[in-house]
Amino acid sequence: MKRRFPLLLVFIFGIMGIIPYYIPHAAYQNFDNGLRNDFLRILSAFAIILGLVSLMRVHHDKIKRKRENWQFSYVLIIGFVVSGIIGLLGGVEGELFLPTRIAGFQFDIQTLYLNIIVPLGSTMFALLAFFMASASYRAFRARSLESSLLLGAAFIIMIGVLPLADRISTHLPSFAQWVMDIPNVAAKRGITFGIALGGIATSLKIILGIERSWLGGKE
Amino acid sequence: MKVIEYLSQLDRRIVYLVLAFAVMLPLIIPSVQRVRVMTPVAKLFNAVDAIPDDRILMIDFDYDPQTLPEMEPMGIALLRHAFQKRIRVAALSLYVQPLGLAKRALDQVTEEFNQRATSYADSVIYGRDYVFLGWQPPPIVPLLGMGISITSVYTRDYYGYRTDSLPMMRRVRNFNDVGILVSLSGATAPLWWVAYSQTRFGVAVGAGITAVSASEFYQYYQTGQFSGLMIGMKGAAEYEELVETKLMLVDRRKASEALGSLTAAHLTMIAFIIIGNVGYFVRRRSRKGVVK
Chain E
597 MKRRFPLLLV FIFGIMGIIP YYIPHAAYQN FDNGLRNDFL RILSAFAIIL GLVSLMRVHH
657 DKIKRKRENW QFSYVLIIGF VVSGIIGLLG GVEGELFLPT RIAGFQFDIQ TLYLNIIVPL
717 GSTMFALLAF FMASASYRAF RARSLESSLL LGAAFIIMIG VLPLADRIST HLPSFAQWVM
777 DIPNVAAKRG ITFGIALGGI ATSLKIILGI ERSWLGGKE
Chain P
41 MKVIEYLSQL DRRIVYLVLA FAVMLPLIIP SVQRVRVMTP VAKLFNAVDA IPDDRILMID
101 FDYDPQTLPE MEPMGIALLR HAFQKRIRVA ALSLYVQPLG LAKRALDQVT EEFNQRATSY
161 ADSVIYGRDY VFLGWQPPPI VPLLGMGISI TSVYTRDYYG YRTDSLPMMR RVRNFNDVGI
221 LVSLSGATAP LWWVAYSQTR FGVAVGAGIT AVSASEFYQY YQTGQFSGLM IGMKGAAEYE
281 ELVETKLMLV DRRKASEALG SLTAAHLTMI AFIIIGNVGY FVRRRSRKGV VK
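Just so you know, the sequences run in chain order E and P. If you want our numbering, it's the position in the first sequence, counting the first as 1, plus 596. If you want our numbering, it's the position in the second sequence, counting the first as 1, plus 40.
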């Protein structure tokens, strides 16, 4: 029963997810819409709580056992608690009862987000440009015909998207566009078909209970 | 020969330093770079421009701080276009993180228009000209639910008002009242709108995406599933160009200003790749000479 019940649920809800695409009747569409709007949202709310509790337990455990980089777990827990209190009691823009401004210093969720999360996130992503530059300088070599073609295509795209390209040749941006439109799409479409067919096969195996690894443990 | 060998074995910190200067210098003295508008952006602009009076523009702000510099100018250009043409806008996010950024873009553009407005009719008013629907988890709920009823998915907006009480939403029921939905995302959200909302309800979808992820989206653009595409900083700059030249709306163009920095960064990377390759071939030739 412990294994059969989840399998039965997956089968029923898997089939119910497919049916609305083939039965456009209003009665079934309304049923499907109600199921999604109410049932799925309630499930999702529980999933958020489960996720947060699990996150806290993992980091609490990390601190308790002094695992590698355990100090950073304090940052996460303090950040979570502080932003939770400010958000729940002060509101996103300080519209609730907790004061989120002391003299000129504002600390509502929107201000914290725009002044802490945004610069940190942008900085992390900006670092990628430096790693890419360094990696391409060291490893992007015309060692074979394939890598030479890749190198050529990269140069065309990199120059073709710049305003400068028009000054070099008016055909260059159009050629860069052609590379994206034709050879790129040909390769990508082949990959997409492969992924889609694989996705359908795997989904059917899960719905029909053939693939059971998601249940965990051994069969 | 020694110079080439030295250049091809530069310390990575020198590479970082040169790239940092290349990126920063054009940003210190920003200048607007004019661009030729390519077909994907022109198509998106025309699709938004052709939205009839009884339909709205829906913008899905799904970018996060990591992709903000590329994506935010797209959102701002789209909002300027819509407000200038008096097209009503419904904004939303599929995830919670972009909400703050969506609000920032909406606040900036409404302020720009309201500073210029001379009357109430000219102003951009919340609830009449635009609404901010906020976020409803999980993403599949708005993706499919809005095909039946938008106000039943988003019963309250971002600010907590009942959506069915907002004047604009009284005439907007579901995707049939959406002229086009433009998804601005650094990930794959635009594909979900195509896979779920368009397939089932036929809503027109456009996309604003990062340059690095562009290759994923061209196949859907080619089949007409995307009405148009804005790709990376250049795509945003092209849309800004169209807003300025076709609508005579002159405002700060952040993407067009950033193109100088983008140009310098690309050229620097190309130069480093060429230096690395020259060094590689010189070393290979000299190694062959030693073997002989």
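All C-beta atoms, glycine included, are put in the ideal place defined by N, C-alpha and C. Everything numeric in this text was worked out from a predicted model, so none of it was measured.
Who are the near neighbours of LEU768 (chain E) in its chain, counting only those whose CB is closer than 6 Å to its CB and skipping five residues on each side? Only GLY756, ALA761 meet the Cβ criterion.
N- and C-terminal bounds of the alpha helix (DSSP H) containing GLY680 (chain E): GLY680 (chain E) -> alpha helix (DSSP H) spans 667 to 681.
Does the distance from the CB of ALA277 (chain P) to the CB of PRO759 (chain E) come in under 9 Å? yes
Residue of P:VAL218, P:ALA304, P:HIS121 minimising C-alpha distance to LEU280 (chain P): Position check: residue 280 (chain P) holds Glu in this sequence, whereas Leu was assumed. With distances taken between Cα atoms, GLU280 (chain P) lies closest to P:HIS121.
Ordered list of alpha helix (DSSP H) runs contained in the stretch 229 to 281 of chain P, each at least 4 residues: Listed in chain order, they are 229 to 232, 258 to 262.
Please check if any C-beta of chain E sits within less than 9 Å of the C-beta of PHE312 (chain P). It does: the Cβ of PHE312 (chain P) has a partner Cβ on chain E nearer than 9 Å.
Beta-carbon contacts of ILE69 (chain P) that lie in its chain and below 8 Å, excluding the five residues immediately before and after: So no residue of the chain qualifies.
Tell me the DSSP secondary structure of ALA131 (chain P) in three-state form. strand
Can you confirm whether the stretch 792 to 808 of chain E touches the stretch 608 to 618 of chain E when touching is taken to mean that 3 or more C-beta pairs between the two stretches lie within less than 8 Å? yes
Check whether chain P comes within 9 Å of LYS784 (chain E), counting only Cβ atoms and requiring the distance to be less than that. yes
With 16 other CB atoms within 10 Å as the buried threshold, where does PHE266 (chain P) fall? With 16 or more other Cβ atoms from the protein chains shown falling within 10 Å of its own Cβ, PHE266 (chain P) counts as buried.
Please tell me whether ILE315 (chain P) and LEU134 (chain P) are closer than 9 Å, where the distance is taken between their beta carbons. no
Three-state secondary structure (DSSP) of ARG120 (chain P): helix
In chain order, what residues of the same chain lie with their CB nearer than 8 Å to the CB of VAL129 (chain P), ignoring the 5 residues before and after it? The beta carbon of VAL129 (chain P) is closer than 8 Å to those of ILE96, LEU97, MET98, ILE99, LEU119, ALA122, PHE123, ASP169, TYR170, VAL171 in its chain, skipping five residues each way along the sequence.
Specify the secondary structure class of PHE726 (chain E) as computed by DSSP and reduced to three states. helix
State whether the stretch 722 to 733 of chain E contacts the stretch 302 to 314 of chain P, with contact taken as three or more CB pairs (one from each stretch) at a distance under 8 Å. Using a C-beta cut-off of 8 Å, the stretch 722 to 733 of chain E makes contact with the stretch 302 to 314 of chain P, since at least three inter-stretch Cβ pairs fall below that distance.
Need the endpoints of the beta strand (DSSP E) that ASP102 (chain P) sits in, please. 96 to 102
Would you say ALA623 (chain E) faces chain P, with C-beta separation under 9 Å as the test? no
Flag SER640 (chain E) as yes if its beta-carbon sits less than 9 Å from any beta-carbon of chain P, otherwise no. Interface with chain P (9 Å Cβ-Cβ cutoff): SER640 (chain E) is included.
Taking contact to mean 3 or more Cβ pairs, one atom from each stretch, closer than 8 Å, check whether the stretch 56 to 70 of chain P and the stretch 632 to 646 of chain E are in contact. no
Pick from E:GLU691, E:ILE787, E:LEU793 that is closest to PHE257 (chain P), judged by C-alpha positions: E:ILE787
Since PRO779 (chain E) meets chain P, which of its residues come closer than 7 Å, beta carbon to beta carbon? Contact annotation for PRO779 (chain E) against chain P: no contact, minimum CB-CB distance about 10 Å [criterion: below 7 Å].
Return the bridge partner residues of TRP175 (chain P) from the DSSP annotation. According to DSSP, TRP175 (chain P) bridges with P:SER133.
According to DSSP, which residues form a beta bridge with SER223 (chain P)? P:ASP100, P:ALA247
Within 9 Å of any Cβ in chain P, is that where the Cβ of LEU672 (chain E) sits? Residue contact check for LEU672 (chain E) against chain P: no CB pair falls below 9 Å.
Would you say the beta carbon of TRP175 (chain P) is closer than 8 Å to some non-hydrogen atom of the ligand GDP? Among the components of this structure there are no ligands whatsoever, and the ligand GDP is therefore not found.
Residues in the stretch 48 to 78 of chain P having any Cβ partner in chain E nearer than 8 Å: Cβ contacts with chain E come from LEU50, ARG52, VAL55, TYR56, LEU59, ALA60, VAL63, GLN73, ARG74, VAL75, ARG76, MET78.
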